[in-house]
Structure formats: C-alpha cells, structure tokens
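Numbering-wise, numbering that gives the first Met the number 0 puts 81 at position 82 of the sequence shown, and it's gapless, one number per residue. Note that beta-carbon positions come from the ideal geometry of N, C-alpha and C, so glycine has one too. Quantities reported herein were computed from a predicted structural model and do not represent experimental measurements. Below is one structure, written out as structure tokens, with a few remarks after it.
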Amino acid sequence: MKNIKLLIDKYIFTKFDKHFPRLYRFLTLDLYSNIYTPIINKIRYKDKYFFNEVIIEINTYCNRKCDYCPNKYQESPKNYMSEDVFYRIIEQLKIIKFSGIIRFSFFNEPLFDERYVKFAEYIKKELPNAVQVVVSNGDLLTVEKALQLEKAGIDKFVITIHDKNPERAYERLSKVKDVLKHKIRIQTQKDLSMQNVGGSVDVSKYKNKKNKKCPHPFVMTITYNGDVVLCCADFYRKYVYGNIMQDTIVNIWNKNAEIRKELLDDNYARYDICKKCLEIE
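Below, the structure written as structure tokens:
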C-alpha cells in the first residue's frame, strides 16, 4: 500500500501540483480527504472518522518570523520532545498498525533537532508502511542532510521558501532537488493558499482560499510534551484532549469524535477556532 501511495504521488500528484494547482487541491483535499479517506478508515479501523495522519512536534523552535505565522508575535521557545514521549507515540501507532502519514511539523523547524535522523530510522523500522514527511523552510537543508534523511526513511520533503526574493534559495536548493528528484516539493509563499490559523493571523492581503469544509479532519496533532490538541491550527494549544503519556492514542482521538463528525457531516463548527478558520459568522 505504501509503494502505491508513493507511485501515485510521483506520477500524478507531483505533476498536477506543478501544472494544475486547483486540480491538485481537489484531488488531495476534497477527493482524498472527503471520499477516499473515510472509505479506507471504515475498512481498516471500522471507523470512517479515524485519523490517517499524525503531526509530531519534535521541537518548538523556528528561526523565521513570517508575517502569516503566529510565531511573528513571540519568540519561539527551544523545547524538545522527550524521547520517552516520542517512543510512546510510535509504540501506540504500532499497536494499531498505522500506515498513514507521519508529518514532522507544527509551527517549528524540525531540522533544528539533531535527533531527527535517529527518529526517522526508528519509525522506518517500527512502522514500515507509514509515509514520513518533513515540512521545512529549507534553511538547514543541504545535499548531505537530504541524503541522510532519505536513507533514514523520509519519503517526502515539502520545502517552503519564505523569502520575498526566493531566487538565491532556489539556486541552493536546486542541488538538493537534483538528488531527491520527485521526493521533494519546493514552493514559495506565492504558491501557498494562506490560512488564518484559526484566526491567529491576518492573511487578507495574501492569495488565500476560504475553506468550505475543515481541511484537516483526519489529522492528529501531538505537541512536544505529548499533548494532543484539536488540530494543526491550534497554535496556542487551547483545546487539549489528552496526553499521550497518560492515555492511549485511540482513546484520546475518540474524545473529540463528535466534533469531527459535526465538521465532516454537517460542516458545523462548535468552537471559535473552527468558525474563524472556516470564516463562519
């Protein structure tokens, strides 16, 4: 199944993303999230609302202050996920034979964590069918680091150049792209569909797309201390449903099942963060 996913990404999604961005969004968000994922979840987990992606915040620091990110309002703390928390997450995912996406991000720059390679190797060993994705600004990504991470188990690199004049960064990262080929996606801020992060930032001056439905209903977000928050837009961690060190990953997910059901089936937003994200009055 993992190989099929990667082949589809290589020969279909990658090309659509480059030449037909609107079609790419439809395939990856509307079709994949709203139709394909519920069917697969129903077959695999007997629950169409189950998660198919896990965001892991291995560290909290980011070296950037982008004006479309909440980090611009405060100094990024330098906290690191303890290895006990990390291994507990993977242990829990192994129990359910997780084969979805594991994404290293959450308003941070994961490449500042020197343990990253070790973590990726461990996931590759314990969860061989999971797809590992790194989301980065690319400032620390060299050819050597890219090859090291690829060997460790990273399947996809999503790199966003946040400079207003990205030419120099493009030139540097082109060498990385030469070795990673289809495994890397390089984009600039102009390519992004800006989101207001649950109302945390004003992106009205940017090319942004209003969400008609929740774009991430099947994503579990785990912060550096093991807290599971409502979603990847909960920057201030206002909605915490449990801690991975105190409960199972399945129990925590099921605690907000009704909220996700409302968002998916009725497009009803119970919380302010959802209303602001969906721009519902």
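Under 8 Å between C-beta atoms of residue i and residue j
{"i": "Phe-106", "j": "Phe-234", "result": "yes"}
{"i": "Ser-358", "j": "Ile-54", "result": "Outside the shown range of the chain, which is 0 to 280, sits residue 358, and nothing can be said about it."}
{"i": "Ala-119", "j": "Ala-145", "result": "no"}
{"i": "Leu-139", "j": "Val-175", "result": "no"}
{"i": "Val-218", "j": "Glu-52", "result": "yes"}
{"i": "Lys-155", "j": "Lys-180", "result": "no"}
{"i": "Pro-37", "j": "Lys-45", "result": "no"}
Presumed contact (8 Å Cβ cut-off) between residue i and residue j, rounded CB distance
{"i": "Gly-137", "j": "Ile-122", "result": "No, Gly-137 and Ile-122 are not in contact; Cβ-Cβ is about 21 Å, not under 8 Å."}
{"i": "Met-244", "j": "Val-142", "result": "The pair is not a contact, with the Cβ atoms about 37 Å apart (cut-off 8 Å)."}
{"i": "Ala-232", "j": "Ile-258", "result": "Ala-232 to Ile-258, Cβ: 14 Å. No contact."}
Of the residues the options, the one placed nearest residue i, counting alpha carbons only
{"i": "Glu-281", "options": "Val-84, Ile-185, Arg-63", "result": "Residue 281 lies beyond the residue range present for the chain, which begins at 0 and ends at 280; the question has no answer from this structure."}
{"i": "Asp-246", "options": "Ile-34, Ile-88, Asn-51", "result": "Ile-88"}
{"i": "Lys-163", "options": "Glu-143, Asp-265, Tyr-44, Gln-186", "result": "Gln-186"}
{"i": "Tyr-132", "options": "Lys-180, Tyr-270, Arg-184", "result": "According to the sequence shown, residue 132 is Val rather than Tyr. Val-132 has its Cα closest to that of Arg-184, out of Lys-180, Tyr-270, Arg-184."}
{"i": "Glu-108", "options": "Gln-91, Asp-264, Ile-160, Tyr-270", "result": "Ile-160"}
{"i": "Glu-90", "options": "Lys-124, Glu-149, Asp-112, Phe-111", "result": "Lys-124"}
{"i": "Ile-95", "options": "Asp-112, Arg-269, Asn-40", "result": "Asn-40"}
{"i": "Leu-110", "options": "Arg-269, Arg-167, Ile-153, Asn-253", "result": "Ile-153"}
{"i": "Asp-112", "options": "Leu-92, Lys-93, Glu-82", "result": "Glu-82"}
{"i": "Ala-149", "options": "Tyr-169, Glu-166, Arg-167, Val-178", "result": "One point to set straight first is that residue 149 is Glu, not Ala, in the sequence displayed. Residue Val-178 is the option with its Cα nearest to Glu-149."}
Residues near residue i in its chain [Cβ-Cβ closer than 6 Å; skip 5 each side]
{"i": "Leu-262", "result": "Cys-213, Pro-216"}
{"i": "Tyr-223", "result": "Glu-56, Thr-59, Asn-78, Met-80"}
{"i": "Ile-251", "result": "Val-227, Tyr-240, Gly-241"}
{"i": "Leu-229", "result": "Tyr-238"}
Spatial neighbours of residue i in its chain, beta-carbon cut-off 8 Å, leaving aside the 5 residues before and after
{"i": "Tyr-267", "result": "Glu-261"}
{"i": "Gln-147", "result": "Val-116"}
{"i": "Arg-236", "result": "Thr-222, Asp-226, Val-228"}
{"i": "Asp-265", "result": "none"}
{"i": "Lys-254", "result": "Tyr-240, Gly-241"}
Cβ shell of residue i (< 7 Å), same chain only, five flanking positions each side left out
{"i": "Arg-171", "result": "none"}
{"i": "Arg-269", "result": "Ile-258, Glu-261"}
{"i": "Lys-274", "result": "Ala-268"}
8 Å Cβ cutoff, residue i in contact with chain C
{"i": "Ile-89", "result": "As a matter of chain content, chain C is missing from the structure shown, which is built from one protein chain."}
Requested in this report: Kindly confirm or deny that the segment 53-63 and the segment 78-85 touch, where touching means at least three C-beta pairs closer than 8 Å.
Outcome: yes
Report task. Tell me, please, whether the segment 93-111 touches the segment 127-137 by the rule of three or more beta-carbon pairs shorter than 8 Å. Result -> yes
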